[in-house]
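Worksheet for the structure shown next.
Protein chains in written order, with the UniProt record's numbering: chain Y, 1 to 290; chain C, 1 to 239.
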């Protein structure tokens, strides 16, 4: 049910401003992709192109080898969920859900009802009276229950409180296990969502910085924890991303893969080696690019 | 693989939605007509038959529906994976159906009024002159009413799309284009009274001949259909 997405040399210009610069990117079938980038990096522009909300200035966007724009089969396979303005929406949730139910071939009503219950969404209130977090949860319900082969959530969690976000993450993973799709989650909450990602796509100032397996990426750095002075000695000469200290213990994030020799030496000194949080890598990589 | 065609479904849904608005609209209009009768009967005057009475309001109703169509449906449907082409076809078909409905409803109400006036005196004057009066012949009046309603919808849609696509400054240009289109429409359909309803429509005293009227208004409809398609063909959806 999942679909393969490919962007070929995609450039998007607004007048003279280049929002996306010659991006070539393949997204893998049935994987959850984290799309991260700083404010104004071009995340939403990129996603609106995938969803055929607009056309690129140059380049191609294809799903399973066919262009997306104005292609009825392909457009039907994509859901683009973003923060919507419900200020003028006087319909109640059941009426609003009739729409995806009619137009999305894989829409699952039972699943939608299950999600409505989990998010505790009131069915008797008009949408404009729902809180921001509830409106976001409603968007999430539509996005998940539509079960489209390509499902895009553009910061869909905005306004949702921590427990609601947790439900969102749990449901993505649970439903992905049963009905694999190609997910794209764009986010600022990197540290909270990184465990969801199979793949990570980072864009910065309209450029594609990287598109890698989460595992590969997290191996591009390491955290070294142990006695403060030992850690300092060990990381001398390495690119330090971040450090934290608690009493005599220190934890330092470094960028770059540790050699086997390094790892052995660390173990001998009783230092603990762990992965680097994606958040720190993200901050480092996007700072470096500037 | 067979090409997926979603526009009939879109057309049905759009018609259903807008027909609900039309029911509200006619409820108010019928109420206004009845109240009007009570008022004029005290002055020993009369109101127009419902068909003629509703013609201007129906036109404005269609204009407003067209404006709303640009903002209300575009983002909504494309987000659900409907192509601009299917949405365009669906909108045009639904507008045709809506124009037919808003023509038939007044016709029916008019018939009922006529039936009632058979055994009760209603203060309805039947001697009015104009495109929408029975004096021009029922068939001609009905066809004119229908084309007029459809044209108003397309003009409204064009205004809405102009604002949606180009923002409010260039949107004004579309209001200008709409005024020109409305004037032409009034000219072709011999509806010279339009200028008294919409102040910015110039008064055109000439009544077009029937051949010119039909050709002219069909050309106008064709031009409107082509321009709305061109404007929506590759339109960027607002988020």
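Glycine is no exception: its CB is placed at the ideal position from the N, C-alpha and C atoms.
Note that the structure is a prediction, hence the values are computed from the model and not measured.
Contacts with chain C (Cβ-Cβ distance below 8 Å) from the segment 95–108 of chain Y involve 99, 100, 102, 103 and 104, listed in chain order. The residue among Y/269, Y/181, Y/127 and Y/12 with its C-alpha nearest the C-alpha of residue 88 of chain Y is Y/127. The contact set of residue 82 of chain Y on chain C, defined by CB atoms closer than 7 Å, consists of 239 in chain order. Per DSSP, the beta-bridge partners of residue 67 of chain Y are Y/62. Residue 149 of chain C sits close to residue 102 of chain C, with the two beta carbons spaced by under 8 Å. Taking the CA atoms as reference points, residue 162 of chain Y sits about 35 Å from residue 68 of chain Y. Only residues of its own chain outside the window of five on either side were considered, and among them 63, 66 and 68 have a CB closer than 7 Å to the CB of residue 74 of chain Y, listed in chain order. In the structure shown, residue 78 of chain C falls within a helical segment according to DSSP collapsed to helix, strand and coil. Between residue 152 of chain Y and residue 97 of chain Y, the beta carbon gap of about 19 Å keeps them out of contact (Cβ cut-off 8 Å).
For residue 229 of chain C, the nearest beta carbon of chain Y is not closer than 8 Å to its own beta carbon. For the options Y/266, Y/219, Y/203 and Y/199, the alpha carbon positioned closest to that of residue 226 of chain Y is the one of Y/266.
Legend: CB atoms of the segment 45–57 of chain Y lying less than 9 Å from CB atoms of chain C belong to residues 48, 51, 52, 53, 54 and 55. Near chain Y, meaning a CB-to-CB distance below 7 Å, the residues of the segment 52–85 of chain C are 78, 79, 80, 81, 82, 83, 84 and 85. Following the DSSP letters along the chain, one finds residue 143 of chain C inside the alpha helix (DSSP H) bounded by residues 138–188. With a threshold of 16 other beta carbon atoms within 10 Å, residue 147 of chain Y meets it and is buried. Using a 10 angstroms sphere on the CB of residue 215 of chain C, the tally of other CB atoms stays under 16, which defines it as exposed. The Cβ neighbour count for residue 194 of chain Y, taken over all protein chains shown within 10 Å, is at least 16; the residue is labelled buried. Residue pairing by DSSP puts residue 211 of chain Y in a beta bridge opposite Y/201. The beta-bridge partner set that DSSP reports for residue 187 of chain Y consists of Y/36. DSSP lists Y/17 as the bridge partner or partners of residue 14 of chain Y.
Counting only residues of its own chain and dropping the five nearest sequence neighbours on each side, residue 165 of chain Y has a CB closer than 6 Å to the CB of 157. By the rule that beta-carbons nearer than 8 Å mark a contact, residue 234 of chain C touches chain Y. Inter-residue distance for residue 274 of chain Y and residue 224 of chain Y is about 7 Å (C-alpha atoms, whole angstroms). In the same chain as residue 6 of chain Y, and ignoring 5 residues on each side of it, the C-beta atoms closer than 6 Å to its own belong to 26 and 62, in chain order. With contacts defined as CB atoms closer than 8 Å, residue 65 of chain C and residue 21 of chain C qualify as a contacting pair. In the DSSP assignment, residue 244 of chain Y is bridged to Y/251.
Closer than 8 Å to the CB of residue 75 of chain Y there is at least one CB belonging to chain C. For chain C, the residues of the segment 154–172 of chain Y that bring a beta carbon within less than 9 Å of one of its beta carbons are 154, in chain order.
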